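*Asks:* Residue numbers (UniProt numbering): 1 to 384.
Just passing along the structure, written as structure tokens.
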């Protein structure tokens, strides 16, 4: 009875936020649901699914007990059956990953299959490098202190399982991209999303994603794929050139389904955004060149030889700020930044950046201040 009471209190706290999440998951995005590659049930209200999943995973309730809980929440029998079915699948996936993988994010690698991709010639040059760990990306999303808590790993795996039972936002004959907002976890008013990639109906990776309207036309120079355990690489960084000959690199959040476009289309339009690894208010008195601050550029930082092409140091002015959150007790901001330029111009002038409050080194975020820090640049294709 105590477990049911806790869940009821939890539901009252998140139910309206989750409904906002459900209705706004496509808000600000260019996605259209094109249908899954294989038939899957259309989920009922996600707030009930979330409560049911927690009943299975946290309270270890039986299907009968979960149905009784849903009945107390006035969920009709038919909808309750759908909720229990989806929640059970997520719970089983959760338990399976806890038992079968040592990966920090709880992801299960897909078996390598034979393929002939290396024999194909593309208009865009393609290279490969070892796949990178996602620890820094999730630290940017969740905050440094929160990520170091052992419960963070479970939460990431939990979100990956949950998002993969929602309708996909992108599909191809090679992969599916699933996406969820953070309303079900107490978040609010955020364009930040959690993306999960599936190949052959298995989760292969997840990462944070920031929806934006910032658009940039680019000429693609190189594609650097991250080598993984799948027959096809689902992650890559794109080296490209702007119309003013400025070069930059970004992590392609849609590479799993748009790989052929990146390799074949040399002229692309991309929505660009970023997640801040750390950020601080810039104090002009700290530097002798403070009078020439507008000559500071965004540059690739020295990251100890990691070859992280999409990571940048930056100096920028905050032109717009919105307070958001990804959970009930986690504060964050989406900053619209204007990048300063010099002859090394390497970053788009205006860009939306997600900043977790735990990653603010010093100062307070507000409009019109100058900030410095490091961020991870990401982008996705705009397809007409």
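Glycine included, each C-beta is placed from N, C-alpha and C at the ideal position.
All values derive from a computational prediction rather than experimental measurement.
Between which residues of its own chain and residue 282 is the CB-CB distance below 7 Å, once the five residues before and five after are set aside?
*Replies:* What you label residue 282 is simply residue 282 of the chain shown in a count that begins at 1. Cβ within range, chain order: 315, 370, 371, 372.
*Asks:* Which residues share a DSSP beta bridge with residue 269?
*Replies:* To locate residue 269, count along the chain shown from 1; it is residue 269. Answer is 217.
*Asks:* Which residue's Cα is closest to the Cα of residue 211: 318, 83, 336?
*Replies:* In the chain shown, residue 211 corresponds to position 211, counting from 1. Among 318, 83, 336, the Cα nearest to that of residue 211 is on 336.
*Asks:* In the DSSP assignment, what are the bridge partners of residue 372?
*Replies:* Numbered from its first residue, the chain shown carries residue 372 at position 372. Answer by DSSP bridge pairing, in chain order: 280, 315.
*Asks:* Could you check if residue 380 belongs to the surroundings of the ligand COA, using beta carbon to heavy atom distance under 7 Å?
*Replies:* The model depicted lacks the ligand COA and carries no ligand whatsoever.
*Asks:* Do the region 161 to 168 and the region 189 to 208 touch if we need at least three Cβ pairs shorter than 8 Å?
*Replies:* These segments touch.
*Asks:* Using 8 Å as the Cβ pair cut-off and three pairs as the minimum, do the region 171 to 181 and the region 358 to 365 touch?
*Replies:* Short answer: they don't touch.
*Asks:* Return the Cβ separation of residue 353 and residue 276 in integer angstroms, given the expectation that the two are a contact with Cβ distance under 8 Å.
*Replies:* Within the chain shown, numbered from 1, the residue matching residue 353 stands at position 353. Within the chain shown, numbered from 1, the residue matching residue 276 stands at position 276. So it is a contact: roughly 5 Å between Cβ atoms.
*Asks:* With C-beta atoms as the reference, is residue 216 less than 8 Å away from residue 242?
*Replies:* Within the chain shown, numbered from 1, the residue matching residue 216 stands at position 216. Within the chain shown, numbered from 1, the residue matching residue 242 stands at position 242. Result yes, Cβ atoms of residue 216 and residue 242 sit closer than 8 Å.
*Asks:* Any Cβ of chain B within less than 8 Å of the Cβ of residue 92?
*Replies:* Of the protein chains in this structure there is only one, and it is not chain B.
*Asks:* Pull up the CB-CB distance for residue 48 and residue 66, whole angstroms please, since I reckon it's below 8 Å.
*Replies:* Mapped onto the chain shown, residue 48 falls at position 48. Mapped onto the chain shown, residue 66 falls at position 66. The Cβ separation is near 10 Å, so there is no contact.
*Asks:* Roughly how many angstroms separate the alpha carbons of residue 266 and residue 124, rounded to a whole number?
*Replies:* Taking the first residue of the chain shown as position 1, residue 266 is located at position 266. Taking the first residue of the chain shown as position 1, residue 124 is located at position 124. Cα to Cα, residue 266 sits roughly 7 Å from residue 124.
*Asks:* Alpha carbons only, please: which of 279, 223, 274 is nearest the one belonging to residue 261?
*Replies:* As a working mapping, residue 261 is identified with position 261 in the chain shown. The shortest C-alpha separation from residue 261 is found at 223.
*Asks:* Below 8 Å between beta carbons: does that hold for residue 208 and residue 141?
*Replies:* As a working note, residue 208 is residue 208 in the chain shown. As a working note, residue 141 is residue 141 in the chain shown. Yes, Cβ-Cβ distance for residue 208 and residue 141 is below 8 Å.
*Asks:* Quick one: is residue 95 buried, meaning 16 or more other Cβ sit within 10 Å of its Cβ, or exposed?
*Replies:* Numbered from its first residue, the chain shown carries residue 95 at position 95. With fewer than 16 other Cβ atoms within 10 Å, it is exposed.
*Asks:* Going by DSSP, which residues form a beta bridge with residue 248?
*Replies:* Within the chain shown, numbered from 1, the residue matching residue 248 stands at position 248. BP columns for residue 248 point to 240.
*Asks:* For residue 211, does the three-state DSSP call read helix, strand or coil?
*Replies:* Numbered from its first residue, the chain shown carries residue 211 at position 211. If DSSP states are grouped into helix, strand and coil, residue 211 belongs with coil.
*Asks:* Can you tell me whether residue 72 is buried or exposed, with buried defined as 16 or more other CB within 10 angstroms of its CB?
*Replies:* Reading the chain shown from its first residue, position 72 is the one you call residue 72. The residue is exposed, with fewer than 16 neighbouring Cβ atoms inside 10 Å.
*Asks:* Quick one: is residue 133 buried, meaning 16 or more other Cβ sit within 10 Å of its Cβ, or exposed?
*Replies:* Taking the first residue of the chain shown as 1, we reach residue 133 at position 133. Result: exposed.
*Asks:* Out of curiosity, what's the CA-to-CA distance linking residue 356 and residue 184?
*Replies:* Translated into positions along the chain shown, residue 356 becomes position 356. Translated into positions along the chain shown, residue 184 becomes position 184. Looking at the two C-alpha atoms, the distance is approximately 18 Å.
*Asks:* Please determine, among 186, 232, 251, 214, the residue with the shortest C-alpha to C-alpha distance to residue 198.
*Replies:* As a first step, residue 198 is located in the chain shown; it is residue number 198 there, counting from the start. The residue with the shortest Cα to Cα distance from residue 198 is 232.
*Asks:* Leaving aside the five residues before and after residue 93 along the sequence, list all residues of the same chain whose C-beta is less than 7 Å from its C-beta, in chain order.
*Replies:* Along the chain shown, read from residue 1 onward, the residue named residue 93 stands at position 93. 161.
*Asks:* List the endpoints of the continuous beta strand (DSSP E) containing residue 156.
*Replies:* Counted from its first residue, the chain shown places residue 156 at position 156. Segment 151 to 163 is the alpha helix (DSSP H) holding residue 156; no beta strand (DSSP E) there.
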